[in-house]
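Note sheet for the following structure.
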Amino acid sequence: MFSGKHPQNGKPIPAQQCQIIDSSNFFVVCTMARKQHMRQFLGNSVWSGLSTVSRAGSSLLINKLFAVYYGPNGITLLAHFQNLIALLTTLPNSGINVGLIRHLAQSGPQSQSYRSFFWAGLFLNALTFLIALVGVLLFPSFFLERFGEELLRESSSLSLWLVLGLFVLLLLQLFWLSVLLARQALRPYVWLSLLTSLVSIAVTWWAVGRVEVMTALVLFLTGQSVSGLVGLAVIFQKNLIPGWQLKIPKGVGRELGKFLVMALSTLVGAKLVDFVVRELAIQQFSLHETGLWQSVAKISDSYTMVYVSVLGMVYYPRIAALLPQPQELKEYVRSVLFLLVPVLGMGLLAFGWQRDFFIQLLFDQEFLPARGLMDYQLLGDFLKMSAWVLSYIITVQARVKLYVFTQLASGVVYVALVAWLMPLLGLDGLPMAHAIRYGLYLLFHLFLFRSYFFSS
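As structure tokens, this is what we get:
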């Protein structure tokens, strides 16, 4: 039951309290602590798995429906529309809400801190969404070129106010999920995610083949948004809505502002970059050929969605809680990384081996020419998902300047690689640029966090 003895007094040290006592003479191997970390990670992953299976399954089925009824052109437009939604919601969800998870997890709903962060987060969600919306409307020819006129025409029949209302509900849903996650209320989190998935599938299933692709996209947004009202009822029932507070304390705004700046770099270095690269591909090739590449990218998005959800629900809150304990944090990060890397490698190899089966299962025979794009995509995904275990540490530590640098530098490198390789290699240049980008990304993070793996 004990993992070692104190090097000075010879007394046994409980495994739960394992730490390096004298780095120059003695190391205590915390095997029991590592097993405990694994049990916590894998146990919480069960709930995460239920949520992510529903979300991934919903995404795959929606992709399948668009692929069968609208072909590669429809897949390209679906990806572009989802990217547009991400451009409008990244600042609230990947910025404000990420900061809320950290701060709401550290105090109860009755505390002043919880109240301040809750209402500040809700207000900043609305403000950042409006800023992003203005940014899109200032450049309609770029952001709405592929579906702008048709989308606006379809929206006008429902009323533009209704579409705006759908976005408000989507923002509320994302906010409620963040609050539940911060309080580790995983069961209602899972059920709310499952409801969103089921409604999205039902609405899309009804729409495809009956309406034009642009109308189907608006209905897809409807399916993603309606659980915002249900989430409000859940949060109210769990007594997670604190007393009203209008004024935002400067300290609270400053803390959430750090995460907002980091999300801004994600918006530019990831979401906007993806939009630009897809637009370049459409201009270089066509909607059809771009759809072949997007089918590979969407398969990648489906399993990385599962992976990110597990990290977000289990890994991120845990490393946030371990911030005051640096040695425990290092031990936990090592344990998780050493668990995930071989699992990721074997899983992606098996996926690549059966690529034809998965392409036909998830899309259609019309997409089989995309099989040749899979190798570099899988390699890039392995490098990316391995690096994310380390990059999350930067986020939870709120190292704003470093995070902004990595996101923007990664995005610039990717666009440069695409601009160089796409004219030379055609569609093959797109996944190759993806692999090179994340190879460099992983090397940077391994160097940055080398102390987590090597003793000084």
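Numbering-wise, the sequence shown is residues -19 to 436 according to this note's numbering. For every residue, glycine included, the Cβ atom is placed at its ideal position computed from N, Cα and C.
What residues in its chain sit with their C-beta under 7 Å from that of Thr246, if we drop five residues either side in the sequence?
-> Residue mapping note: residue 246 aligns to position 266 of the sequence shown, counting from 1. Cβ within range, chain order: Thr70, Ser74, Gln387.
Can you check whether the CB of Leu57 is closer than 8 Å to the CB of Val206?
-> Indexing the sequence shown from 1 puts residue 206 at position 226. Indexing the sequence shown from 1 puts residue 57 at position 77. No, these two residues do not count as a Cβ contact at 8 Å.
Put Gln164 into one of helix, strand or coil per three-state DSSP.
-> Translated into positions along the sequence shown, residue 164 becomes position 184. Coil at Gln164, not helix or strand.
Quick one: using the 10 Å Cβ neighbour count with 16 as the cut-off for buried, is Leu117 buried or exposed?
-> By one-based count along the sequence shown, residue 117 stands at place 137. Leu117 is exposed by the Cβ-count criterion.
Are Leu30 and Val241 touching if we call contact CB-CB under 8 Å?
-> Position 50 of the sequence shown, counted from the start, is the residue given in the question as residue 30. Position 261 of the sequence shown, counted from the start, is the residue given in the question as residue 241. Cβ distance not < 8 Å, so Leu30 and Val241 don't count as in contact.
Limits of the alpha helix (DSSP H) - the one that Trp273 falls within = For the purposes of this step, residue 273 is identified with residue 293 of the sequence shown, where counting begins at 1. Taken as a continuous stretch (DSSP letters only), the alpha helix (DSSP H) holding Trp273 covers 267 to 290.
Between Val9 and the rest of its own chain, which residues show a CB-CB distance below 6 Å, the 5 nearest in sequence each way excluded?
-> As a working mapping, residue 9 is identified with position 29 in the sequence shown. For Val9, the pLDDT reaches just 42, beneath the cut-off of 50, and the residue's location in the model is therefore unreliable, although a value from the coordinates is still provided. Taken in chain order, the list of residues that qualify is empty.
Taking DSSP as the reference, what is the three-state secondary structure of Ser3?
-> What you label residue 3 is simply residue 23 of the sequence shown in a count that begins at 1. Residue placement at Ser3 is poorly supported in this model, since its pLDDT is 41, which falls under 50; the coordinates are not used for a value here.
Backbone CA spacing between Val323 and Tyr432 [nearest angstrom] | Within the sequence shown, the letter at position 343 stands for residue 323. Within the sequence shown, the letter at position 452 stands for residue 432. Their Cα atoms are separated by approximately 20 Å.
Output the boundary residues of the alpha helix (DSSP H) element that contains Ser207.
-> Residue mapping note: residue 207 aligns to position 227 of the sequence shown, counting from 1. Per DSSP, Ser207 belongs to the alpha helix (DSSP H) from 207 to 217.
Using the C-alpha atoms, what's the distance from Val78 back to Ser282?
-> To locate residue 282, count along the sequence shown from 1; it is residue 302. To locate residue 78, count along the sequence shown from 1; it is residue 98. Rounded to whole angstroms, Ser282 to Val78 spans 21 Å at the Cα level.
Should Val398 be counted as a contact of the ligand FAD given a C-beta to heavy atom distance under 7 Å?
-> Absent from the structure shown: the ligand FAD. Ligands present: none.
Assuming Tyr287 contacts Ala367 (C-beta within less than 8 Å), just tell me the rounded distance between them.
-> Counting from 1 along the sequence shown, the entry for residue 287 is found at position 307. Counting from 1 along the sequence shown, the entry for residue 367 is found at position 387. Incorrect: roughly 12 Å between the Cβ atoms, too far for contact.
Cα separation between Ala(-5) and Pro120?
-> One-based indexing of the sequence shown puts residue -5 at position 15. One-based indexing of the sequence shown puts residue 120 at position 140. Confidence is the limiting factor: at Ala(-5) the pLDDT is only 41, short of 50, which leaves the residue's position unreliable, though a coordinate-based value still follows. Each residue's alpha carbon lies about 60 Å from the other.
Helix, strand or coil for Arg126, going by three-state DSSP, please let me know.
-> By 1-based counting over the sequence shown, the position of residue 126 is 146. Coil, per DSSP.
Thinking Tyr356 and Tyr295 are a contact (beta carbons under 8 Å), I'd like their distance in whole angstroms, please.
-> In the sequence shown, counting from the first residue as 1, residue 356 sits at position 376. In the sequence shown, counting from the first residue as 1, residue 295 sits at position 315. That belief does not hold up - the Cβ atoms of Tyr356 and Tyr295 are roughly 27 Å apart, past 8 Å.
Where does Lys44 fall in DSSP's three states?
-> Here residue 44 is taken as the residue at index 64 of the sequence shown, counted from 1. Helix, per DSSP.
Can you say whether Glu125 is buried or exposed, counting buried as having 16 or more other CB atoms within 10 angstroms of its CB?
-> In the sequence shown, residue 125 corresponds to position 145, counting from 1. The residue in question, Glu125, is exposed, as its Cβ has fewer than 16 Cβ neighbours within 10 Å.
Of the residues Pro89, Ile76, Leu84, which one's Cα is nearest the Cα of Phe103?
-> Counting from 1 along the sequence shown, the entry for residue 103 is found at position 123. Checking every option, the nearest Cα to that of Phe103 belongs to Ile76.
Give the straight-line distance between the Cα atoms of Leu260 and Ala350, rounded to the nearest whole angstrom.
-> Looking up residue 260 in the sequence shown gives position 280. Looking up residue 350 in the sequence shown gives position 370. Cα-Cα distance, rounded: 18 Å.
Going along the chain, which residues of its own chain have a beta-carbon closer than 6 Å to the beta-carbon of Thr176, five neighbours each way excluded?
-> Counting from 1 along the sequence shown, the entry for residue 176 is found at position 196. Ser207, listed in sequence order.
Taking the alpha helix (DSSP H) that Trp333 falls in, what are its first and last residues?
-> As a position in the sequence shown, residue 333 is number 353, starting the count at 1. Unbroken alpha helix (DSSP H) run through Trp333: 306 to 333.
Can you grab the Cα-Cα spacing for the pair Gly145 / Ile339, in whole Å?
-> Here the question's residue 145 lines up with position 165 in the sequence shown. Here the question's residue 339 lines up with position 359 in the sequence shown. Spanning the two alpha carbons is a distance of roughly 36 Å.
Measure from the alpha carbon of Leu423 to the alpha carbon of each residue in Arg379, Phe362, Ser38, Val384, then state which is nearest.
-> Position 443 of the sequence shown, counted from the start, is the residue given in the question as residue 423. For Leu423, the nearest C-alpha among the options comes from Phe362.
Expected contact under 8 Å - CB spacing of Gln157 and Gly203 to nearest Å | Residue mapping note: residue 157 aligns to position 177 of the sequence shown, counting from 1. Residue mapping note: residue 203 aligns to position 223 of the sequence shown, counting from 1. Looking at the sequence provided, one finds Leu at residue 157 rather than Gln. Rounded, the Cβ-Cβ distance is 16 Å, inconsistent with contact.
Inspect the beta-carbon positions of Ser289 and Arg35 and report whether they are closer than 8 Å.
-> Indexing the sequence shown from 1 puts residue 289 at position 309. Indexing the sequence shown from 1 puts residue 35 at position 55. Yes, the pair counts as a contact, with Cβ atoms nearer than the cut-off.
Alpha helix (DSSP H) segment containing Glu192, residue limits = Walking along the sequence shown from the start, residue 192 turns up at place 212. No alpha helix (DSSP H) contains Glu192, which DSSP labels as neither H nor E.
State the Cα-Cα distance for the pair Phe216 and Phe109, rounded to the nearest angstrom.
-> Indexing the sequence shown from 1 puts residue 216 at position 236. Indexing the sequence shown from 1 puts residue 109 at position 129. Approximately 24 Å between the Cα atoms of the pair.
Give the DSSP-derived three-state secondary structure of Ile221 in the structure shown.
-> Indexing the sequence shown from 1 puts residue 221 at position 241. Here Ile221 sits in coil by DSSP.
Taking Leu107 and Phe265 to be in contact with their CB atoms under 8 Å, please state how far apart those CB atoms are, rounded to whole angstroms.
-> Along the sequence shown, read from residue 1 onward, the residue named residue 107 stands at position 127. Along the sequence shown, read from residue 1 onward, the residue named residue 265 stands at position 285. Not quite, the Cβ-Cβ distance comes to about 38 Å (not below 8 Å), so this is no contact.
When burial is assigned at 16 or more other CB atoms within 10 Å of the CB, is Asp254 buried or exposed?
-> Taking the first residue of the sequence shown as 1, we reach residue 254 at position 274. Burial call: buried.
Between the Cα of Ser93 and the Cα atoms of Asn105, Gln225, Ala187, which residue gives the shortest distance?
-> Along the sequence shown, one-based indexing puts residue 93 at 113. Nearest C-alpha to Ser93: Gln225.
Assign Asp361 to one of three DSSP states: helix, strand, or coil.
-> The count along the sequence shown starts at 1 and reaches residue 361 at position 381. In the structure shown, Asp361 sits in a helix (DSSP, three-state: H, G or I).
Verify whether the separation of the beta carbon atoms of Leu236 and Gly101 is less than 8 Å.
-> To locate residue 236, count along the sequence shown from 1; it is residue 256. To locate residue 101, count along the sequence shown from 1; it is residue 121. Result yes, Cβ atoms of Leu236 and Gly101 sit closer than 8 Å.
Does DSSP put Ala378 in a helix, in a strand, or in coil?
-> Translated into positions along the sequence shown, residue 378 becomes position 398. Residue state, collapsed to three classes: coil.
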